[in-house]
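Beneath this line is the structure, given in structure tokens, with notes to follow.
In the working numbering, the protein residues as written are 118 to 524.
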């Protein structure tokens, strides 16, 4: 097996081009076996992405998270261990020249999707490998550049908000295309937030997820980046039809990325998320629901009360959450005309009213019942109006995200 060492480029003054983000790395050639890559990832725990080259020119990028997840599956050692590493290689990573500006690099990273922000990108010089850069580092640099230009930290957060909103936009478009009667509300407490959502349309149904990550503002936004990119990778590998399996995969991915292994004693953080994942089969009208501390609220046309489908009392990604924990799917038949609601705790926990107490699930259910015959958008607006009136002069406590729909 052949390894190539790239030069490390450190900026002297302000960061302006991709070369300033170039980090020393090693690479493997295309005929390197998966056993050799596994040994390399095992030895180098700091190695998150591994370029694959031919004649010193990059042809792909191996993500540590995806590779280790695949090789941990039963019989994959025997099936793929001696085969070429290109089996698990991203054949279309973002590759940029060292002289590309940071601004241009940022737009290209957003356009290429979450995989670039999660796994990084390749930097070349005269077509040959110069090193790799990382999405989190790029976001941090972008924030710092804005602060430098405007002399105010708020400008950098505004720019981060543009990136965060751009990553949510594909879900907005998919939702409007898939459902005629639905509303998804996303209000970060600060300019950027720690809640995120994901929606995708398929030929036989749709997948939806909302999640509440640890923290608010910039720390929360970084957690949404990690979590949403891990979910996107899980959907690509596993498909959308088993929400419990997807939550388990996100749990493993977050724990690996943050080094949050129970009993390890080396983790510097204990971060994670509460989440609810849905798969709706359009043909059978069956809803598959898996929740990690977040419930589903359901109001059928013939019911006189809002039913609560509880999630499990186990968060995602935290140190105390086992690496191999398996959530369960709850399969529910959804009659025509039913009203569904998913929400993070920002809606329920807001303090307000005459006695300065939480808004609570009872008030939320009362709004659903009072507006049960109206379209989902009107129900959502009524919920927002009632919530705002309850909050009054109290400060916003948390990010607010909820999903109201009639499937």
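Cβ atoms here follow ideal geometry from the backbone N, Cα and C, with glycine treated the same way. Every value quoted in this text rests on a predicted model; they were computed, and no experiment measured them.
Problem - residue 372, enclosing alpha helix (DSSP H) - first and last residue - result: Element bounds for residue 372: 360 to 375.
Exercise for the section: Identify every run of the beta strand (DSSP E) within the segment 436 to 474, keeping only runs that are complete inside it and at least 3 residues long; order them along the chain. Expected result: Within the segment 436 to 474, the runs of beta strand (DSSP E) that reach at least 3 residues and sit entirely inside it are, in chain order, 447 to 450, 456 to 460.
Exercise for the section: Out of 473, 476, 499, state which residue places its alpha-carbon closest to the alpha-carbon of residue 485. Expected result: Of the candidates 473, 476, 499, the one whose C-alpha sits nearest the C-alpha of residue 485 is 499.
Exercise for the section: Compute the beta-carbon to beta-carbon distance between residue 299 and residue 313, rounded to the nearest angstrom, for a pair I have assumed lies under 8 Å. Expected result: The Cβ separation is near 17 Å, so there is no contact.
Practice task
For the segment 162 to 175 and the segment 345 to 355, state whether three or more C-beta atom pairs, one from each stretch, are separated by less than 8 Å.
Solution key: Too few Cβ pairs lie closer than 8 Å, so no.
Exercise for the section: Report whether the distance from the Cβ of residue 213 to the nearest heavy atom of the ligand HEM is below 8 Å. Expected result: In the structure on display, the ligand HEM does not appear, and there are no ligands present to speak of.
Practice task
Have a look at residue 461 and residue 302 and give me their C-alpha separation to the nearest angstrom.
Solution key: One C-alpha to the other measures close to 11 Å.
Handout entry: Check whether residue 416 and residue 424 have beta carbons under 9 Å apart
Key = Result yes, Cβ atoms of residue 416 and residue 424 sit closer than 9 Å.
Exercise for the section: State yes or no: is the C-beta of residue 434 within less than 9 Å of the C-beta of residue 335? Expected result: No; because the gap between Cβ atoms is not below 9 Å, this pair is not in contact.
Problem - DSSP bridge partner residues for residue 179 (one or two, in chain order) - result: Beta-bridge pairing by DSSP links residue 179 to 167.
Exercise for the section: Could you spell out where the alpha helix (DSSP H) holding residue 335 opens and where it closes? Expected result: 334 to 355 is the span of the alpha helix (DSSP H), which, as asked, contains residue 335.
Handout entry: the segment 196 to 210 in contact with the segment 222 to 237 per 3-pair CB rule at 8 Å
Key = Taking 8 Å as the limit for Cβ pairs, the verdict is that the segment 222 to 237 does touch the segment 196 to 210.
Practice task
Verify whether the separation of the beta carbon atoms of residue 159 and residue 201 is less than 9 Å.
Solution key: No, Cβ-Cβ distance for residue 159 and residue 201 is not below 9 Å.
Handout entry: Proximity to residue 464 [Cα-Cα], best of 505, 151, 453
Key = Nearest C-alpha to residue 464: 505.
Exercise for the section: May I have the straight-line CA-CA distance separating residue 173 from residue 180, to the nearest angstrom? Expected result: For the pair residue 173 and residue 180, the Cα-to-Cα distance works out to about 19 Å.
Practice task
Could you tell me whether the segment 515 to 524 touches the segment 447 to 461, using the rule of 3 or more Cβ pairs below 8 Å?
Solution key: In this structure the segment 515 to 524 touches the segment 447 to 461; the number of beta carbon pairs closer than 8 Å is three or more.
Practice task
Buried or exposed for residue 178, please, with buried defined as at least 16 other CB atoms from any protein chain shown within 10 angstroms of its CB.
Solution key: Residue 178 should be labelled buried.
Problem - Cβ separation of residue 330 and residue 322, assumed to be a contact under 8 Å, to the nearest whole Å - result: The C-beta distance from residue 330 to residue 322 rounds to 26 Å, too long to fall under 8 Å, and the pair is not in contact.
Problem - Buried versus exposed call for residue 440 [16 or more other C-beta atoms within 10 Å across all chains shown] - result: Classification for residue 440: exposed.
Handout entry: Simplified DSSP state of residue 276, which is helix, strand or coil
Key = Here residue 276 carries a helix assignment [DSSP, helix/strand/coil].
Exercise for the section: Out of 206, 221, 195, 386, point me to the one whose CA is closest to residue 144's CA. Expected result: Nearest Cα to residue 144 within the set 206, 221, 195, 386: 206.
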